[in-house]
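First up is the structure itself, then whatever we jot down about it.
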Amino acid sequence: MNFLRSFHDIVSDQSQSFDEKTHSLLKFGLDVFNLDIAIVSKIEQNIYTVLYVITPDNSLASGTTFDLEGTYCVHTLAANAALTFHKASSSRIANHPCYLNFQLESYIGAPIKVGSNVFGTVNFSSPAVSTPFSQQAHDYVELFAQWLGAEFARKITNEQLIKNNNTLLKLEAVANIGTWEVDLLTDKVTWSEQTRRIYQVSDSYVPDLNAATEFFKAGESRESIVNAVNSAIQSGEKWHLDLELVTANGQTLWVSTFGEAELLNGRCVRLFGTLQDVTESVMLREELKNKKAEAERMLEDRSMLLAKISHELRTPLNGITGMLTTLLGERREDKRVEKLKIALRSADILLSIINEVLDFSKINHGELKLEPNHFLLKTIFVDLASLYIPLFRDSKVDFQTNITIADDCWAYCDNARLSQIASNLLSNALKFTDEGLVKFNADVNVVGDKLALHLEVCDSGRGMTNSFLDSLFSPFTQEIDAKKSKGGTGLGLAIVKELIDFMGGTITVDSTFNQGTTFIVDIPLAVGAVQIENNPRVNVVIAATNLSVLVVDDNQINRLVLDASLEKLNIKADFAVDGEDAILKCKQKKYDLIFMDCVMPQLDGLEATKILRAQHICPYADTLIVALTANTSSTDKVACKEAGMDMFISKPFKLHSIEEAVVNAVGKSKTK
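With our numbering, letter number 121 in the sequence shown gets 192, and the count goes up by one each step, no holes.
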């Protein structure tokens with residue numbers, strides 16, 4: 072009875088930890104068995120590890136390991152029960168390594184089991200011979216082992232629960248998923264730590280069912296969660312909803328809420344579920360939805376563009392092919408001239424359509440770039456007005472211009488784009504004014520270190536409705552009245568708006584249906600530097616006669632067109648069909664001027680030019696190399712310059728561009 076009372080006092084002492092109880096139990100066992108050494112071990116894969124130990128001289132430390140075969144415990148495990156030796160030297164284990172190494176005569180031990188698995192052993196031993204161990208001693212050590220097994224099982228379970236709980240908390244935090252529970256019998260609401268984080272409430276906040284639902288955004292979200300809770304309580308129906316929630320800090324989140332009911336005898340006694348912050352995924356989903364809609368719109372725009380272009384290209388192509396075909400049998404000089412003018416005008420229209428499509432493509436891909444230069448501002452609008460005067464005269468619409476810009480006003484900007492803006496507005500005014508008046512006003516003021524350009528194009532034409540004005544600058548917007556269609560791609564004003572925005576300006580429109588329209592454009596321009604004009608175009612034809620010229624192009628028609636243009640300047644050129652052919656000809660003959668196509672098979676113009684310059688076949692001082700290409704972006708121009716080309720002419724070219732190249736080549740030849 073004294074043993075059991077002492078044992079109970081040790082194991083039931085709530086003031087001691089498990090480690091302290093185990094140490095007390097081992098010390099108690101040494102007294103009971105009158106031995107010197109007490110050990111609690113853990114055995115894994117035939118490795119004996121000391122967990123708790125008491126020795127007279129503290130010579131054995133916790134954590135020490137032995138081979139299981141070298142300990143008496145191997146016999147204990149084989150017996151699967153308490154095992155004792157009181158005089159090992161005269162027993163069957165006299166030759167066991169444990170006796171040979173440690174001379175332990177006395178031993179009593181029992182296996183510790185956790186469930187059905189062996190955890191380790193509890194054993195007591197001594198170098199001294201003891202009296203034989205009684206059955207009561209066997210029972211005592213078995214009791215020690217049973218208590219230790221139960222405590223180890225409880226400890227392992229608690230550690231696993233703590234580990235699982237920590238893992239759950241980490242998973243909740245990583246996935247932004249919180250858990251919740253509502254006990255309907257006690258009206259108690261329990262939120263996990265992550266749920267509190269989602270609601271952004273303090274640890275001391277005490278939730279209730281009504282307060283929990285009121286966090287959901289008023290309107291559709293709150294109505295949906297209230298209906299879901301009521302349905303779960305009444306019929307046990309589950310829910311899984313994505314709703315908006317307003318946190319305690321006023322932040323609006325998207326949450327995915329899952330709820331389930333627990334029924335007892337047909338009555339709902341508990342609700343439980345999860346709450347996940349899915350704001351990021353909802354935003355991503357919305358972004359993908361918007362991108363899909365944008366992609367579909369772009370696809371629709373592209374389809375519309377192709378349909379429009381296909382339609383619009385036919386008219387100028389018909390003009391070109393029709394007039395050129397009838398020229399074959401035309402003998403009257405005046406008729407030939409007239410038909411050629413129509414064909415050229417059709418070609419200009421065709422080029423204008425192609426340029427609009429290219430500009431629209433650049434804008435869509437963010438590749439639009441300005442190429443500023445210094446120029447006299449007034450000349451842009453004077454030249455433009457002179458081009459439109461005969462066109463308005465033919466349409467019998469009065470065209471009035473008022474250009475109040477000083478003759479010596481130099482500006483620095485992209486003059487080609489500036490001309491494109493004004494030209495497009497004048498073209499629209501001409502197109503949609505059947506009779507009456509079109510006014511073109513251009514003036515400039517100095518504001519600080521900038522020029523403030525102000526343009527107005529006013530017409531007395533059709534005008535526009537308010538609904539049409541709302542989409543005026545959108546691509547493909549063009550038809551005011553389908554029965555009075557004037558044709559065109561519908562891209563012009565969209566491009567104009569983009570150009571003006573890109574230049575930091577503004578465009579406004581005032582229009583009254585059937586009365587007329589006024590476009591007002593304001594663009595800030597940088598002040599330009601005065602340029603000294605040098606025009607060496609004096610008797611170009613005579614000076615160019617002695618030039619040696621090479622045309623490099625793989626397309627026969629392109630070669631014929633350039634040959635015809637050079638003939639007008641009394642130049643007879645040589646021809647090469649690709650870059651390799653050009654290098655071969657340049658090795659055989661020195662050329663003053665080379666017109667080099669950039670895109671060719673075998674060896675393109677850029678690579679050929681690099682070779683001609685690097686190998687000094689055509690040094691900069693001797694040969695002017697002119698890029699002749701349909702690729703007109705600023706990137707292409709930079710690539711041509713880096714390759715060693717001196718000039719850049721875009722296809723289709725005008726005769727004056729060829730003349731300029733010839734003039735530059737003449738000037739270079741005179742300096743040799």
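Using N, Cα and C, we set each Cβ at its ideal position, and we do this for glycine too.
Note that this is a predicted model, so its numbers are computed, not measured.
Per-residue DSSP class, three states only, for S556: On the sequence shown, position 485 is the one that residue 556 refers to. With a pLDDT of only 47 at S556, under 50, the local geometry of the prediction cannot be trusted, and no value is derived from it.
Taking 8 Å as the cut-off, decide whether the C-beta atoms of L664 and A565 are in contact. In the sequence shown, residue 664 corresponds to position 593, counting from 1. In the sequence shown, residue 565 corresponds to position 494, counting from 1. No, they are not a contact pair.
Do T284 and A263 have their beta-carbon atoms positioned less than 8 Å apart in this structure? As a working note, residue 263 is residue 192 in the sequence shown. As a working note, residue 284 is residue 213 in the sequence shown. Note that residue 263 is Ser in the sequence shown here, rather than Ala. Cβ atoms of S263 and T284: not closer than 8 Å.
Neighbourhood of V518 by C-beta distance below 8 Å, restricted to the same chain and skipping five residues each side: Position 447 of the sequence shown, counting from 1, holds the residue named residue 518. Excluding positions up to five away in sequence, the list reads P595.
At 3 residues or longer, and completely inside the region 137-165: list those beta strand (DSSP E) runs for me, N to C. As far as the region 137-165 is concerned, its whole beta strand (DSSP E) runs of at least 3 residues are 154-156.
Of the residues D485, A224, F156 and L122, which one's Cα is nearest the Cα of F573? The count along the sequence shown starts at 1 and reaches residue 573 at position 502. Put simply, of D485, A224, F156 and L122 the residue whose alpha carbon is nearest the alpha carbon of F573 is D485.
Helix, strand or coil: which one does DSSP assign to I688? Reading the sequence shown from its first residue, position 617 is the one you call residue 688. Assigned with DSSP and collapsed to three states, I688 falls in coil, not helix or strand.
Closer than 6 Å by C-beta to A714: which residues in its own chain qualify, once you throw out the five before and the five after it? Chain order, please. If you number the sequence shown from 1, residue 714 lands on position 643. Taking C-beta separations shorter than 6 Å and ignoring five residues to either side along the sequence, the partners of A714 in its chain run L677, T680 and K681, following chain order.
Quick check on the DSSP output: the alpha helix (DSSP H) that includes T284 runs from which residue to which? Reading the sequence shown from its first residue, position 213 is the one you call residue 284. Counting along the chain, the unbroken alpha helix (DSSP H) around T284 starts and ends at L280 to E285.
Along the chain, which unbroken stretches of the alpha helix (DSSP H) at least 4 residues long are found entirely within the region 73-137? Qualifying alpha helix (DSSP H) stretches, in chain order: 73-82 and 89-104.
Residues in the same chain with beta-carbon distance under 8 Å from H94, minus the five sequence neighbours each way, listed in chain order, please. For the purposes of this step, residue 94 is identified with residue 23 of the sequence shown, where counting begins at 1. Here the set comprises Y123 and I125.
How should I729 be labelled, buried or exposed, when 16 other C-beta atoms within 10 angstroms of its C-beta is the threshold for buried? As a position in the sequence shown, residue 729 is number 658, starting the count at 1. I729 is classed as buried because its beta carbon has at least 16 other beta carbons within 10 Å across all chains shown.
If you drop the 5 nearest sequence neighbours on each side, which residues of the same chain put their C-beta closer than 6 Å to that of G567? The count along the sequence shown starts at 1 and reaches residue 567 at position 496. The sequence as given places Val at residue 567; Gly does not occur at that position. If we look at V567 and ignore the five residues flanking it on each side, its Cβ neighbours are I492 and N495.
Is V733 helix, strand or coil when you go by DSSP? For this step, residue 733 is matched to residue 662 along the sequence shown. It is helical.
What runs of the beta strand (DSSP E), each 3 residues or longer, lie entirely inside the region 561-597? As far as the region 561-597 is concerned, its whole beta strand (DSSP E) runs of at least 3 residues are 577-583.
For T257, which of helix, strand or coil comes out of DSSP? Mapped onto the sequence shown, residue 257 falls at position 186. DSSP places T257 in coil when its eight states are reduced to three.
Outcome for S556 when other beta-carbon atoms lying within 10 angstroms are tallied against a minimum of 16: Along the sequence shown, one-based indexing puts residue 556 at 485. With a pLDDT of 47 at S556, under the threshold of 50, the predicted position of this residue should be treated as unreliable, though the coordinate-derived value follows. Counting Cβ neighbours within 10 Å, S556 comes out exposed, since fewer than 16 surround it.
Please specify which runs of the beta strand (DSSP E), each continuous and at least 3 residues long, are wholly inside the region 438-497, giving them in chain order. Counting only runs of 3 or more, we get 444-447, 469-475 and 481-484.
Assigned secondary structure, D348 (DSSP; H/G/I helix, E/B strand, else coil): One-based indexing of the sequence shown puts residue 348 at position 277. Here D348 sits in strand by DSSP.
For Y270, three-class secondary structure by DSSP: Here residue 270 corresponds to residue number 199 of the sequence shown, with the count starting at 1. Here Y270 sits in helix by DSSP.
How long is the line joining the alpha carbons of L316 and T345, rounded to whole angstroms? Along the sequence shown, one-based indexing puts residue 316 at 245. Along the sequence shown, one-based indexing puts residue 345 at 274. Take the alpha-carbon of L316 and the one of T345: they are about 14 Å apart.
Is it buried or exposed, S88, if we count other Cβ atoms within 10 angstroms and call 16 or more buried? Locating residue 88 in the sequence shown gives position 17, counting from the first residue. So S88 ends up on the exposed side.
Give every residue of the same chain whose Cβ lies closer than 6 Å to the Cβ of M718, excluding the five residues on either side of it in the sequence, and list them in chain order. Within the sequence shown, the letter at position 647 stands for residue 718. Result list for M718: V697 and A732, in chain order.
Three-way DSSP call (helix, strand, coil) for M200 in this model: Reading the sequence shown from its first residue, position 129 is the one you call residue 200. Strictly speaking, residue 200 in this sequence is Val, with Met absent from that position. In the structure shown, V200 sits in coil (DSSP, three-state: anything other than H, G, I, E or B).
Based on the DSSP output, what are the partners of G321 in its beta bridges? The residue labelled residue 321 in the question sits at position 250 within the sequence shown. The partner list for G321 (beta bridge, DSSP) is empty, contrary to what the question assumes.
Could I get the ranges of all uninterrupted alpha helix (DSSP H) runs contained in the region 631-699, with 4 residues as the minimum, in chain order? Entirely contained in the region 631-699, the alpha helix (DSSP H) runs reaching 4 residues are, in chain order, 650-659 and 676-685.
Where do the N-terminal and C-terminal ends of the alpha helix (DSSP H) with Y178 fall, by residue? For the purposes of this step, residue 178 is taken as residue 107 along the sequence shown, with counting starting at 1. Residue range S177 to V185 is occupied by the beta strand (DSSP E) that includes Y178, with no alpha helix (DSSP H) assigned at that position.
List the endpoints of the continuous alpha helix (DSSP H) containing A600. Position 529 of the sequence shown holds residue 600. No alpha helix (DSSP H) contains A600, which DSSP labels as neither H nor E.
Assess, as a yes-or-no matter, whether the region 444-458 is touched by the region 409-422 under the definition of 3 or more beta carbon pairs within less than 8 Å. Flag = no, the region 409-422 and the region 444-458 do not touch.
Could you say which of E331, N499, P443 and D514 lies nearest to D593 if we only look at CA atoms? In the sequence shown, counting from the first residue as 1, residue 593 sits at position 522. That would be D514, whose Cα lies nearest to the Cα of D593.
Quick test of your reading: E176 and A199, contact by CB under 8 Å. State the CB separation rounded to the nearest angstrom. For the purposes of this step, residue 176 is taken as the residue at position 105 of the sequence shown. For the purposes of this step, residue 199 is taken as the residue at position 128 of the sequence shown. The beta-carbon separation of E176 and A199, rounded to 6 Å, stays under the 8 Å limit for a contact.
Under the three-state DSSP convention, the category K748 falls into: Not covered by the structure: residue 748. The range shown for the chain is 72 to 743.
Given 8 Å as the limit, is there contact between the region 323-339 and the region 296-309, that is, 3 or more CB pairs closer than that? Result yes; three or more Cβ-Cβ pairs closer than 8 Å.
Check for me: the beta strand (DSSP E) holding T521 runs from which residue to which? In the sequence shown, residue 521 corresponds to position 450, counting from 1. The question names Thr, but residue 521 in the sequence shown is Lys. Following the DSSP letters along the chain, one finds K521 inside the beta strand (DSSP E) bounded by residues K521 to D530.
Tell me where the alpha helix (DSSP H) around V297 begins and ends. Counted from its first residue, the sequence shown places residue 297 at position 226. From DSSP, the alpha helix (DSSP H) with V297 extends over E291 to S306.
Check this for me: beta carbons of S721 and A736, under 8 Å apart or not? The sequence position of residue 721 within the sequence shown is 650, counting from 1. The sequence position of residue 736 within the sequence shown is 665, counting from 1. Taking C-beta atoms as the reference points, S721 and A736 fail to come closer than 8 Å.
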